[in-house]
Amino acid sequence: MTMPGCSMPAANYYLTNLEHLLGWVEAHHGHLIDDSTRCFMARFRRLPLAARRLYVRLMMRRGPLFRIDRLSYPEVGPAWPAVLALCLGGLGALSGPAAWRERIGLLRQEELAERLADRRPRSWIRQARRPQRLQACLQHGPESGPPLPEALRLLGVEELELLRLLYFGNGRQGLVAFILADLGVLRFEQVTLMPSLPWRSPAEVRRDLACLRAADALATHCDRRAGSADATELLAVEGVLAEAAVAAPTEARRNRALSRLADAWRRLGRDERALAVLEHASGPPAREARCRLLARLGKTKAAAMAQQQLAQDPGSDGEADFSARFDPLTARCRARVRNGALPRRRMTLPRMDPEQRIEQVVMGILAHGGGRALHVENGLIGLLVGLAFWDVIFDPLPGAFVQPFQSGPLDLFDPGFRRRRAAAISRRLQEVATGTITTEDLIAVWENRHGTVNALVPWFRFTTADVRGMLVVLPPATRAWLCDTALRAPALLRRGFPDLLVLGDAPRCFTFMEVKGPGDVLRPEQRRWMEALVAARMPAHVLEVRWA
438 MTMPGCSMPA ANYYLTNLEH LLGWVEAHHG HLIDDSTRCF MARFRRLPLA
488 ARRLYVRLMM RRGPLFRIDR LSYPEVGPAW PAVLALCLGG LGALSGPAAW
538 RERIGLLRQE ELAERLADRR PRSWIRQARR PQRLQACLQH GPESGPPLPE
588 ALRLLGVEEL ELLRLLYFGN GRQGLVAFIL ADLGVLRFEQ VTLMPSLPWR
638 SPAEVRRDLA CLRAADALAT HCDRRAGSAD ATELLAVEGV LAEAAVAAPT
688 EARRNRALSR LADAWRRLGR DERALAVLEH ASGPPAREAR CRLLARLGKT
738 KAAAMAQQQL AQDPGSDGEA DFSARFDPLT ARCRARVRNG ALPRRRMTLP
788 RMDPEQRIEQ VVMGILAHGG GRALHVENGL IGLLVGLAFW DVIFDPLPGA
838 FVQPFQSGPL DLFDPGFRRR RAAAISRRLQ EVATGTITTE DLIAVWENRH
888 GTVNALVPWF RFTTADVRGM LVVLPPATRA WLCDTALRAP ALLRRGFPDL
938 LVLGDAPRCF TFMEVKGPGD VLRPEQRRWM EALVAARMPA HVLEVRWA
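Position one of the sequence shown corresponds to residue 438 (the numbering used here), numbered consecutively onward.
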């Protein structure tokens, strides 16, 4: 079914998109392609058309094995000729007997039940869920039922990931971006591309790709094991994450992974190992975690030195805040502002349905009393910055835009974003503060750019009436202060902002409200926003809800 306003792309669109990706990378980043990747590209281009179509189809699915009897694509035709062409071309391999465990994992529910028919009671099979049936089949081995289906394993996957990284400049995007643009589902800002990447050699690209894959593997293992992993898995990941990455987004991802890896070691009772992991950190949140762990282990002098390093060169607003308040002797952060300093109000409500969001309940009560509130949590601040600084955000600085499917510059959430655009941001803040950029100017950006992908602007969260209502009550000086505060600490663009904006009956009449249910407390980033609002004399308070 085609979405309204969308056109169906040609049947060969996914292959065309990959071939465009290969050609683009070859033309613009040829010096970053190593021999192994060039070999992959040559092999892919030599494949028959049907085999190339099948390869692209499968690499967009979850592998690593694919049942050949389940491959059915009209544009590919019969599966087996294409499969054999992939194998002969060096980009596919048939799974052998050694892969029987993975092949059993490809079986459907009824096929698992069939393999267990002579080995388990019928009632057990009927009641068992897929994981239980699968585990039982694995226990009985490959000979306990009908022959297992033939399966294909794609080869060259790492080389393809490397090419994808070189095209998109990040580890998040893939060919889905092409498809959504082809369908008209997403519309991207037209920006002059200056495809300059941070890597200087193929080895550096490989290094960052390995880092991204290790971070993904760690997340998968920890999620699968409810937050922990075994030592063998952790050691494998640790070896990769020990070396710094080149690209800033990858290095930020590595630091988050190091913090998670250290947590996993601590859950295994290996505090010293966790500390060794954190020694490799170059930024948040791992440097803060290292300081905390040093203090907990009684290494007070080392903790104090680590704290001083953070204070002298903070990598984020959070690190600066932590270094100012952390006490190495107690391994705790001193309260920056006493609880009573934040304006607080209380509301008593009947105990509500757990499925209900407490913010929506409070909004309903306000509406019943004739008031109006908007749920703006982490949406308003991005909206203001996105609309007021649209041209600044999409200014094609060298290396900021390297491909046509970006929701913003590659450094949008990096601490250096503001520094690299200091003059333009300073001018725009002045224009916002003085009212030179008017409400109607911002509404015009909202209407003219509506739906164009911008990482900051939640197009479908607010209506035009909502946006106008927010802008009417927020005076120019307030808009400028909010934008200035967020742009000084890019992390604040995405978290911690108060839940509700309560709209008054007149311009400049508003209140920011953070809603907390029973037992809920302010998170550090929420506290930072509330304290900043109060310090700037903005009307803001915490609403504490209690059950009747």
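The C-beta atom is built at its ideal place from N, Cα and C for all residues, glycine as well.
None of these values were measured; they are calculated from a predicted model.
Please report the straight-line C-alpha distance between residue i and residue j, rounded to a whole angstrom.
i      : j      : result
Leu811 : Pro944 : 16 Å
Leu824 : Trp883 : 7 Å
Thr901 : Leu820 : 12 Å
Glu756 : Ile562 : 54 Å
Gly888 : Leu617 : 13 Å
Arg974 : Trp918 : 11 Å
Arg637 : Ala464 : 16 Å
Arg707 : Ser719 : 22 Å
Gly460 : Thr453 : 10 Å
Ser491 : Phe481 : At residue 491 the sequence reads Leu, which differs from the Ser that was named. In a straight line, the C-alpha of Leu491 is about 11 Å away from that of Phe481.
Leu786 : Ala985 : 5 Å
Ser696 : Cys920 : 30 Å
Arg729 : Arg556 : 54 Å
Asp667 : Arg691 : 20 Å
Asp903 : Leu970 : 22 Å
Asn776 : Pro751 : Here the model assigns Asn776 a pLDDT of 47, short of 50, so the residue's position is not dependable, and the following value carries that caveat. Their backbone Cα atoms lie some 26 Å apart in a straight line.
Trp966 : Gln745 : 24 Å
Glu814 : Ser760 : 27 Å
Tyr604 : Leu455 : 11 Å
Ala431 : Arg925 : This structure does not reach residue 431, given that the chain is present from 438 up to 985, and the question cannot be answered.
Gly933 : Leu779 : 15 Å
Leu512 : Arg504 : The question names Leu, yet the displayed sequence has Glu at residue 512. About 18 Å.
His577 : Arg559 : 16 Å
So, helix, strand or coil for residue i, using DSSP?
i      : result
Thr453 : helix
Gly933 : coil
Leu731 : helix
Leu811 : strand
Val894 : coil
His465 : helix
Thr439 : Caution applies to Thr439, whose pLDDT of 36 falls short of 50 and renders its modelled position unreliable; the value that the coordinates give is listed next. Coil.
Thr922 : helix
Glu981 : strand
Arg781 : strand
Leu571 : helix
Arg769 : strand
Phe763 : strand
Glu968 : helix
Arg545 : coil
Asn776 : Confidence at Asn776 is low in this model, with a pLDDT of 47, below 50, so its placement is unreliable and the value that follows should be read with caution. Three-state result, Asn776: helix.
Leu959 : coil
Lys953 : strand
Asp471 : coil
Glu688 : helix
Asp903 : helix
Tyr492 : helix
Gln399 : The chain is shown only over 438 to 985; residue 399 falls outside these bounds and no answer can be derived.
Glu598 : helix
Glu580 : coil
Check the DSSP bridge columns for residue i and list the partner residues they point to.
i       : result
Thr948  : Val939
Ala588  : Arg504
Gly529  : Leu591
Phe826  : Phe826 pairs with nothing; no bridge assigned.
Thr1020 : In this structure the chain extends from 438 to 985, so residue 1020 is not present and cannot be described.
Leu786  : Trp984
Which one of the options has the shortest CA to CA distance from residue i?
i      : options                           : result
Arg609 : Leu646, Leu486 and Val979         : Leu646
Asp472 : Arg643, Arg857 and Gln867         : Arg643
Met789 : Pro635, Met497, Gly954 and Arg905 : Gly954
Gly806 : Ala837, Leu766 and Asp942         : Asp942
Pro583 : Ala554, Pro568 and Asn607         : Ala554
Arg727 : Arg693, Pro935 and Met907         : Arg693
Arg782 : Cys524, Leu980 and Ile470         : Leu980
Ala861 : Glu547, Val829 and Gly500         : Val829
Leu908 : Arg932, Arg886 and Cys946         : Cys946
Gly735 : Pro765, Asp758, Met496 and Asp754 : Pro765
Gln572 : Arg559, Leu585, Gly593 and Leu549 : Leu549
Leu685 : Leu849, Asp957, Ala743 and Met478 : One detail in the question is off: residue 685 reads as Ala in this sequence, not Leu. Closest option to Ala685, Cα to Cα, is Leu849.
Asp754 : Ile470, Tyr451, Glu962 and Ile505 : Glu962
For the ligand ATP, I want to know if residue i counts as a neighbour, meaning its beta carbon is within less than 7 Å of at least one of the ligand's heavy atoms.
i      : result
Arg644 : This structure simply doesn't include the ligand ATP, nor any ligand for that matter.
Using 8 Å as the limit for Cβ to Cβ distance, is residue i near chain C?
i      : result
Cys524 : Checking the listed chains, one finds no chain C in this structure; it contains a single protein chain.
The region 888–900 contacting the region 839–855, beta-carbon criterion three pairs below 8 Å:
Segments in contact, yes.
Counting pairs of Cβ atoms below 8 Å between the region 535–546 and the region 635–650, do you hit three or more?
Taking a cut-off of 8 Å on C-beta distances, the region 535–546 does not touch the region 635–650, as fewer than three cross pairs fall below it.
Would you say the region 949–961 touches the region 793–807, given that touching needs at least three Cβ pairs under 8 Å?
Cβ pair count under 8 Å is three or more, so yes.
Taking contact to mean at least 3 C-beta pairs separated by less than 8 Å, is the region 591–610 in contact with the region 513–521?
Using a C-beta cut-off of 8 Å, the region 591–610 makes no contact with the region 513–521, since fewer than three inter-stretch Cβ pairs fall below that distance.
For the region 829–843 against the region 623–637, are there 3 or more C-beta pairs whose distance is under 8 Å?
Yes, since at least three Cβ pairs between the region 829–843 and the region 623–637 fall closer than 8 Å, the two stretches touch.
Are three or more beta carbon pairs between the region 862–874 and the region 710–718 nearer than 8 Å?
The region 862–874, when compared against the region 710–718, does not touch it at the 8 Å Cβ threshold.
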